[in-house]
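Below is one structure; the comments refer to it alone.
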Amino acid sequence: MDLYATKRAINRRLAPLIDRLARTGVAPDALTLAAVPVALLGGLALLASTVVPAALLAVPPLVGLRLLLNLLDGQLARHTGRSHPRGELYNEVGDRLADVALLAPVAFLPGALPEVVLLGVLGALVGSFVGVSAQAAGGERLYRGVLSKPGRMLLLAAFSLLVLFVGPDGWWAFGPLLLVGTVLTTIERLAVAVRRLP
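This is the structure in structure tokens:
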């Protein structure tokens, strides 16, 4: 499932919030950069769950907030005419940092497969690199894929709740699913880029 397919409908629902942020003078770059500390908090909650399992309850809302900030920054920039190349840089670098901050801590949790999780994180980074490279080569920025950013975040949120109920052994399947999903996403983006680029 490509979760980006629902983005347009979500954006319409966020229009009143965008108007409010624009009126209060919030800078789009501030929203972009705010996603990084939010992701760091999510990563810390994952690590803290080894001592306080209830910390896993913080992961889904933090994941949701990260995705919300990612939706709002671009919309606000376009709405206020404040889009600029540096904002694109902040967005891409911030997204990669946030992915690592949220996903890599799972490798250090009991029950997880560390090497597989870290390979899955690498797969996410490579998939994002392919998406950006397609744009740099003259095509469109590719967001599609079976485990694009929203999919990765949904997977993390679901496993955080699952582990809260079944215990640390529940993390065992997270790494393989992340790795397979990110590899398939990378292959799909490569295939689309090769087909569309001259």
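Quick note: the sequence shown uses my numbering, first residue 1374, plus one each step. Virtual Cβ for every residue (Gly too), placed ideally from N, Cα, C. Please read all numbers here as calculations on a predicted model, not as lab measurements.
Query                                                                                                                                                                               : Result
Does the beta-carbon of arginine 1459 have 16 or more other beta-carbons within 10 angstroms, so that it is buried, or is it exposed?                                               : exposed
Can you give me the Cβ contacts of proline 1433 inside the same chain, cut-off strictly under 7 Å, excluding the 5 residues immediately before and after it?                        : Ala1530, Ser1533 and Leu1534
Going by alpha carbons, who is nearest to glycine 1524 out of Asp1542, Ala1485 and Gly1437?                                                                                         : Gly1437
Leaving out the 5 sequence neighbours to the left and right, which residues in its chain are closer than 8 Å to arginine 1439 when beta-carbon positions are compared?              : Ala1408, Val1411, Ala1412, Gly1415, Ala1471, Leu1475 and Met1526
Taking Cβ positions, are aspartate 1489 and threonine 1559 nearer each other than 7 Å?                                                                                              : The residue you asked about is not aspartate; residue 1489 is valine in the sequence shown. No, they are not a contact pair.
Is there contact between the region 1393-1402 and the region 1445-1458, where contact requires at least three CB pairs shorter than 8 Å?                                            : yes
In terms of residues, what are the limits of the alpha helix (DSSP H) holding alanine 1421?                                                                                         : 1401-1421
Quick check on this structure: which residue in Arg1568, Ala1480, Glu1561 and Leu1570 has the alpha carbon closest to the alpha carbon of leucine 1492?                             : Ala1480
Please classify glycine 1512: does DSSP put it in a helix, a strand, or coil?                                                                                                       : coil
When you compare each of Leu1406, Thr1423, Ala1564 and Ser1521 to valine 1494 by their alpha carbons, which one comes out closest?                                                  : Ser1521
Got a sec? Which residues, its chain only, sit under 8 Å from threonine 1453 by beta carbon, not counting five neighbours each side?                                                : Ala1395 and Pro1401
Just checking my contact of proline 1478 with leucine 1419 at CB under 8 Å: how many whole Å lie between their CB atoms?                                                            : 4 Å
Just verifying my parser: in three-state terms, what is the DSSP assignment at glycine 1493?                                                                                        : helix
Using the Cβ count rule (16 or more neighbours within 10 Å means buried), how would you classify leucine 1570?                                                                      : exposed
For the region 1425-1467, which segments carrying the alpha helix (DSSP H) assignment without a break, of at least 4 residues, lie completely within its bounds, in sequence order? : 1432-1453
Can you tell me whether tryptophan 1545 is buried or exposed? The criterion is at least 16 other CB atoms within 10 Å of its CB, across all chains shown.                           : exposed
Taking the alpha-carbon of glutamate 1561 as reference, which of Leu1515, Gly1543, Val1539 and Leu1550 has the nearest alpha-carbon?                                                : Leu1515
Kindly indicate the opening and closing residues of the alpha helix (DSSP H) around alanine 1530.                                                                                   : 1522-1539
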